[in-house]
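Trainee: The working numbering puts the first residue of the sequence shown at 43, with every later residue one more than the last.
The beta carbon of each residue, even a glycine, is placed where N, CA and C say it ideally should be.
Pasting in a structure now, in structure tokens, and then I'll have a few things to ask.
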Amino acid sequence: HRRKDKTKTMKLTIILSVIIAQNWASEQISSNFTNKGNVEKITRNIFVEGQKLPGVPNGKGQRCIIKVVQVQETEYDRGMSCQHTIKKKCHVTYVTDYVSAPETKCESTFKKNCHITFKAVPFSAQVKKCYTPLNHKCEGKPEGPKVCRNVYENQCETQYKNYDLEQDEPVCKIKDEIRCKNVPVKLLHLPDDNGEGGIEPFAVKKECKNWPVQSCSIKKKKVTKVHPKTECKKVPRMMCYRSNCKPVPEPEVCHEQTQTQIQNIPEENCDIEPEENCRVELVLVPKLIPKDSCVNIPKVVCVPIKKNPKIISKPVLKEWCYNPKDYIETGDNMGRGDN
């Protein structure tokens, strides 16, 4: 479309150039005809003067003409159409959960094993031995047949065992303690000027005395106790006497004697043995569980729209450019065509 407008513009320019050239040629012909009278020569020398062609040079060897052209255009009411949507976007996240699991827990303990053995140890002990001797006593002179029989003498043995004990014993001390009391003391009474007596004044005096006070405290004290242990037994003895006699006990006879005795002293031997005790317990163990985590993301999609089309005419400045050489050559060709 633009090329057609350019072609029309060029044709119009050529026509204008020809008209201008003809007007100028007519003036020249009239002048030359008057002066020289050679019309044919003047007609053949028709030419186009490039400086007088319409338009303004643009520095590129062309001349340009600016024209106002009414152009019809379609105008729209433009806007934006937006669509609001919500898109659900999900991703996998891991949540820490705790589950119970059995776990064996062991503890090391130490067990004390002891064995008590009794060891026989000889020791010397002071023993008091007493016995009651038997003797026969006859009624009158001993007579009759001789009789022998077993009689039993009483023999006792006393052993003394020492025990170390801890007992409470009072420890007392006498201390002097000061005790005081208030005692009223009468003062000398002075009568007043009127001669009337009033309340007898008195003062308080403190009297103190020393009182002996016994204070006791209980303290632990180790003491040794002697415990006698007496064992008695009947010892048989063969005794012979006359039939008119009988055995009679005599006073008890005692004597001290040192005996070597055997005592079983306990001896303890211990050793420590490690022992492992295990038990099953339920403990909480962390566990990762995959879980979908979703969020709603709002999304707006907008597109341009055109509506209400209107055809309007608007002036447009158009620049038509042409090469003057083309029109000069065209004029020369026209001149040569006349010949």
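On the three-state DSSP scale, how would you describe G237?
Mentor: Reliability of the predicted coordinates at G237 is poor, the pLDDT of 49 falling under 50, and no value is obtained from them.
Trainee: Alpha carbons only, please: which of V342, L176, E273 is nearest the one belonging to V122?
Mentor: Checking the sequence shown, residue 122 turns out to be Met, not Val. That would be V342, whose Cα lies nearest to the Cα of M122.
Trainee: What runs of the alpha helix (DSSP H), each 4 residues or longer, lie entirely inside the stretch 112-158?
Mentor: none
Trainee: Is it the case that the Cβ atoms of P357 and V110 are separated by a distance below 8 Å?
Mentor: yes
Trainee: Is it buried or exposed, R105, if we count other Cβ atoms within 10 angstroms and call 16 or more buried?
Mentor: For R105, the number of other beta carbons within 10 angstroms of its own is at least 16, and it is reported as buried.
Trainee: For Y118, count the other beta carbons within 10 Å of its own beta carbon; 16 or more makes it buried, fewer makes it exposed. Which is it?
Mentor: exposed
Trainee: Any idea if Y283 is buried or exposed, counting beta-carbon neighbours within 10 angstroms, 16 or more meaning buried?
Mentor: buried
Trainee: If I measure Cβ to Cβ from P340 and keep anything under 6 Å in the same chain, skipping five residues before and after, which residues do I get?
Mentor: I128.
Trainee: Tell me, to the nearest whole angstrom, how far the beta carbon of N383 is from that of A167; I am working on the premise that it is less than 8 Å.
Mentor: Missing from the structure shown is residue 383; the chain here goes from 43 to 381 and no further.
Trainee: Look up K367 in the DSSP assignment and say whether it is helix, strand or coil.
Mentor: helix
Trainee: Since S285 contacts G182 with CB under 8 Å, what's their CB separation in whole angstroms?
Mentor: About 12 Å; that fails the 8 Å criterion.
Trainee: Taking the alpha carbon of H269 as the reference point, which residue from Y205, E145, V137, T300 has its own alpha carbon closest?
Mentor: Y205
Trainee: Buried or exposed: which applies to P366, given that a residue is buried once 16 or more other Cβ atoms fall within 10 Å of its Cβ?
Mentor: Its Cβ being crowded by 16 or more others within 10 Å, P366 is buried.
Trainee: Does the distance between the C-beta of T159 and the nearest non-hydrogen atom of the ligand NAP fall short of 7 Å?
Mentor: The ligand NAP is not part of the structure shown, which contains no ligands of any sort.
Trainee: Looking at the C-beta of T146, does it have a partner C-beta in chain D at a distance below 8 Å?
Mentor: The structure shown contains no chain D; it is built from a single protein chain.
Trainee: Going by the beta-carbon positions, is the gap between K267 and L207 smaller than 8 Å?
Mentor: yes
Trainee: Work out the CA separation of E115 and R86 for me, nearest whole Å.
Mentor: With a pLDDT of 42 at R86, under the threshold of 50, the modelled position of this residue cannot be trusted, and the question is left open.
Trainee: Using CA coordinates, which residue listed in G103, I108, K102 is at the minimum distance from N360?
Mentor: What sits at residue 360 in the sequence shown is Lys, not Asn. Measuring from the Cα of K360, the nearest candidate turns out to be I108.
Trainee: Going by the CB atoms, is the gap between K171 and A299 shorter than 8 Å?
Mentor: Reading the sequence as shown, one finds Gln at residue 299 and not Ala. Yes, these two residues count as a Cβ contact at 8 Å.
Trainee: Between which residues of its own chain and C148 is the CB-CB distance below 6 Å, once the five residues before and five after are set aside?
Mentor: E318, C320
Trainee: Is DSSP giving P293 helix, strand or coil here?
Mentor: coil
Trainee: Taking the beta strand (DSSP E) that E181 belongs to, which residues open and close that run?
Mentor: Note, E181: premise wrong, no beta strand (DSSP E); not H, not E.
Trainee: Near G79, which residues of its chain fall below 6 Å by C-beta distance, leaving aside the five closest residues on each side in sequence?
Mentor: Residue placement at G79 cannot be trusted, given a pLDDT of 41 that sits under 50; what the coordinates show is reported in the next sentence. Cβ within range, chain order: n/a, list empty.
Trainee: Nearest-angstrom Cα distance between S150 and C156?
Mentor: C156 has its alpha-carbon roughly 19 Å from the corresponding atom of S150.
Trainee: Taking DSSP as the reference, what is the three-state secondary structure of K102?
Mentor: coil
Trainee: Whose C-beta lies closer than 6 Å to the C-beta of E294 among residues of the same chain, with five residues either side of it excluded?
Mentor: Counting only Cβ-Cβ distances below 6 Å, and skipping sequence neighbours, we find C172, T174.
Trainee: Under 8 Å Cβ to Cβ from I314, same chain only, skipping five residues before and after it: list those, please.
Mentor: F152, K153, K154, N155
Trainee: Helix, strand or coil for P187? Go by DSSP, reduced to three states.
Mentor: In the three-state reduction of the DSSP assignment, P187 falls in the coil class.
Trainee: Can you tell me which of the three DSSP states S285 falls into?
Mentor: coil
Trainee: Determine, using beta-carbon pairs with one atom in the stretch 192-204 and one in the stretch 243-260, whether at least three such pairs fall under 8 Å.
Mentor: No, they do not touch.
Trainee: Once you ignore the five residues that flank P226 on each side, which residues in its own chain have a CB closer than 8 Å to its CB?
Mentor: So the qualifying residues of the chain are F244, A245, V246, K247.
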